Amino acid sequence: AGETAFLTTVRTETYNTFTRIVFEFDDATPEYRIEYLDGEPLASPSGNPLDIEGNAFLAITMAPAAGVDLSGDEPVVTYEGPDRISIEADDITELVKSEDFEATLGWVVGLESEQPFSFTTLDDPHRLVIDIEVDVS
């Protein structure tokens, strides 16, 4: 694994045909996995059910990544934003942090139903960008 990517910002924006979620990092972009969950989302490492609205859940797992830098003498919080972000879109309810433990960072998107999505990474600053299609029918 490379250097830990420290989360600094999470943004969401809803357009006519899609909702964009942006995770911004300092210094690096982590490895990532983005997939719909088969069952109920769980908080990690507790294993407790994650309190999130929706019928379908898109999990975003990033590593090595964290919202707190533990490398120095004192912990430095790099992400000071909310752990729950409401999304104003027809099919998408909210974005909730599910994990920030041992260099693994997880967030889950709650949706009314599974929707197609795409993703890319960008530099300057380092970002993981996820676009979830909105059902406009």
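So for the sequence shown, the working numbering puts the first residue at 484; every next one is plus one.
Where a beta carbon is used, it is the ideal one built from N, C-alpha and C, also for glycine.
Predicted, not measured: the structure shown is a model, and the values here were computed from it.
Rounded Cβ spacing between residue i and residue j (contact assumed at less than 8 Å)
i      : j      : result
Ile613 : Ile504 : 5 Å
Arg567 : Val579 : 5 Å
Beta-carbon proximity of residue i to residue j, cut-off 9 Å
i      : j      : result
Asp573 : Val617 : yes
Val546 : Tyr515 : Sequence check: residue 546 is Ala here, not Val. The answer is yes: Cβ separation under 9 Å.
Leu588 : Ala542 : no
Ser554 : Thr491 : no
Glu571 : Thr497 : yes
Ile575 : Thr544 : no
Pro528 : Glu585 : yes
Which listed residue (the options) has its alpha carbon closest to that of residue i
i      : options                           : result
Phe501 : Arg610, Glu557, Gln598 and Ala548 : Gln598
Phe600 : Pro558, Ile615 and Gly530         : Ile615
Pro524 : Ser581, Pro558, Leu611 and Phe602 : Ser581
Close Cβ partners of residue i (< 6 Å) along its chain, the five nearest in sequence each way excluded
i      : result
Val560 : Val551
Pro608 : Glu507
Asp509 : Phe489 and Thr491
Arg610 : Val505 and Glu507
Sequence-distant residues of the same chain with beta carbon closer than 7 Å to residue i, five excluded per side
i      : result
Ser569 : Glu577
Gly564 : Thr492 and Val493
Chain-order list of residues whose beta-carbon lies under 8 Å from that of residue i (same chain, five-residue window excluded)
i      : result
Gly522 : none
Pro558 : Val551 and Asp552
Is the segment 524-543 touching the segment 582-598, taking contact as three or more C-beta pairs under 8 Å? yes
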